[in-house]
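Heads up, the thing below is written out as structure tokens.
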């Protein structure tokens, strides 16, 4: 196991380079659905400095048709980067300034993509500092490997104009600030008002990125409960008093932090907290509307009938968590294990924490069961909010490793994490590795699915042509095209073997040759991302 981690730096960097697709991340001339809405939010804030949505790139509007659908949070986070990089567009007279729909190859569009990478790295740093504050002997290399494996990198390096990088950061900020609150209170120091305010702010920001993540309100409660349950000493009356005072201050801080969004929500949706219909317009809400007791009973019966699909979420060949997002599955199981193991010694606290933990997990699982979909993209992205609890459970379990079987289990988990990275990297590479729109998914719902994806990954990985295609369509091939362009060599005029020539011709039928600044943009992202990983690993205190 140590050998795997010790030698894992270079393979991890290579995987990142092969996952990053400048063609998909930076060269789009039109966006759809979620991506288009988030970019519209970012442009109206970062380019127009208002909420009027002129020249909106969004194809999906709110119910009142005044704004782009989907939450404003990602656009809010990206807007400073868009505003800063738009200065280069103004200097070069790029058409995106006057007409936002002409964003292809603009620095303004790059600003959104780059902000996604930056906030993901900041989220990694928050998790690292939190785990180190708890004195978990989990090396940074180990953490970065498992944190990169559960599917999030697809939304950082392949489809960055989404909200998951920003969601990852705000939840990580909540994770870190909660740990700081716990350590301050357990050390009987002064009340952690500063960290409570940061925690409250992170909760509000998370809800503005994904309103469905309202369960993040319970994250500090679950973490406090777990940390008190698993520590040897009992919670004192003084600890309980300080926890209550901190909670009261945190609740007030939540209300204060939400005030600016009261105005924004009123302007965009005409209500204090947007409903699904107000935000997305007249679409079919997968979660039934409950207006009477009979509606509640019918909804409950539907939910109970779909409970067996929890096994589908965990073990199906369509991104089953145990295979494609192993850290989410096993880390959460470990969290439950240690809470159940302490039921006799600390029954009230352990039982209460189990209840809040189950409520936290229940919301995204219930949404997935009603939606009967993965989110029409890569993996169970609705369940990414489980990562802070999963890494807490995994980190604590890592501390207790003693038996041979436990070490074998950890090697298995790490291998599954490696498989998750592989699946993340190969997604979309060929017809067998796509989310197909004309088939039923593993829930039996028509309209799109990727049943058998986990098997397709293994089959494709064994073919040399897969790696040739991957190299050509990801970062190495992108920069090779740039070098040929600088040398005034036409790749289509090169005399290549038939198989390579066919792939080349197919490639050029799908992509155009980008301008020079796109290569610079891709280089900035590569250097920042890889450099961040290297710096985080290099400064690991466990290496000293």
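Numbering (this note's numbering), first residue to last: 855 to 1398. Glycine included, every Cβ here is placed at the ideal spot set by N, Cα and C. Note that the structure is a prediction, hence the values are computed from the model and not measured.
**Request:** Using a threshold of 8 Å, state whether the C-beta atoms of residue 937 and residue 984 are closer than that.
**Result:** no
**Request:** Tell me the start and end of each unbroken alpha helix (DSSP H) in the stretch 1165–1221 that is at least 4 residues and wholly inside, in chain order.
**Result:** 1175–1178 and 1180–1195
**Prompt:** Where are the alpha helix (DSSP H) runs, 4 residues long or more, that stay fully inside the stretch 877–948, in chain order?
**Reply:** 887–900 and 927–945
**Where residue 1385 sits in the DSSP three-state scheme** = Judged by DSSP in its simplified three-state form, residue 1385 adopts helix.
**Prompt:** Based on the DSSP secondary-structure assignment, which residues constitute the bridge partners of residue 1290?
**Reply:** In DSSP, residue 1290 forms a bridge with 1303.
**Message:** Distance check for residue 1083 and residue 1291, CA to CA, integer angstroms please.
**Reply:** Taking the Cα positions, residue 1291 is about 46 Å away from residue 1083.
**Item:** From 1073, 1312 and 1323, residue whose alpha carbon lies closest to that of residue 1359
**Value:** 1323
**Item:** Sub-8 Å separation of residue 1039 and residue 1093 beta-carbons
**Value:** yes
**Request:** Report back the beta-carbon spacing between residue 957 and residue 911 to the nearest angstrom; my notes put them in contact at under 8 Å.
**Result:** 7 Å
**Own chain, CB closer than 6 Å to residue 980, minus 5 neighbours either side, in chain order** = 1026, 1027 and 1030
**Message:** Going by beta-carbon coordinates alone, are residue 1020 and residue 1006 separated by less than 8 Å?
**Reply:** The criterion of a C-beta distance shorter than 8 Å is not satisfied by residue 1020 and residue 1006.
**Request:** Determine the direct distance from the alpha carbon of residue 1289 to that of residue 963, and round the result to whole angstroms.
**Result:** 25 Å
**Item:** Three or more C-beta pairs below 8 Å linking the stretch 1272–1288 and the stretch 996–1005
**Value:** yes
**Request:** Just mark residue 875 as buried or exposed, buried being the case when its beta carbon has 16 or more other beta carbons within 10 Å.
**Result:** buried
**Asked** residue 928 to residue 1171, Cα distance in whole Å?
**Response** The straight-line gap from Cα to Cα measures roughly 31 Å.
**Three-state class that DSSP yields for residue 1296 in the structure shown** = For residue 1296, the three-state secondary structure derived from DSSP is coil.
**Request:** From the DSSP output, in three-state form, read off residue 1349 for me.
**Result:** coil
**Asked** Where residue 1399 and residue 909 are concerned, what is the direct C-alpha to C-alpha distance, given to the nearest angstrom?
**Response** Any property of residue 1399 remains undetermined from this structure, which presents the chain solely from 855 to 1398.
**Asked** When burial is assigned at 16 or more other CB atoms within 10 Å of the CB, is residue 1185 buried or exposed?
**Response** buried
**Message:** Quick check on DSSP: helix, strand or coil for residue 1089?
**Reply:** coil
**Asked** What are the start and end residues of the alpha helix (DSSP H) that includes residue 955?
**Response** Segment: none, residue 955 is in no alpha helix (DSSP H) and carries neither H nor E.
**Simplified DSSP assignment, three categories, for residue 1254** = Here residue 1254 carries a coil assignment [DSSP, helix/strand/coil].
**At least 3 beta-carbon pairs within less than 8 Å: the stretch 1043–1050 vs the stretch 1099–1106** = Three or more Cβ pairs drawn from the stretch 1043–1050 and the stretch 1099–1106 lie within less than 8 Å of each other, which places the two stretches in contact.
**Message:** For residue 1203 and residue 1074, what's the separation of their Cα atoms in angstroms?
**Reply:** 14 Å
**Contact check, residue 867 vs residue 1191, beta carbons under 8 Å** = no
**Prompt:** Okay, do the stretch 1234–1246 and the stretch 1259–1267 touch, 3+ Cβ pairs below 8 Å being the bar?
**Reply:** Too few Cβ pairs lie closer than 8 Å, so no.
**Residues of its chain near residue 1142, where Cβ-Cβ distance is below 6 Å and the 5 sequence neighbours each way are ignored** = Closer than 6 Å at Cβ, skipping near neighbours: 1153.
**Request:** Report the residue ranges of all alpha helix (DSSP H) runs contained in full by the stretch 1040–1119; include only those spanning at least 4 residues, in chain order.
**Result:** 1047–1063 and 1073–1084
**Prompt:** Straight-line CA distance for residue 1313 to residue 1168?
**Reply:** 21 Å
**Asked** What number of angstroms, rounded off, separates the C-alpha of residue 1224 from the C-alpha of residue 948?
**Response** 44 Å
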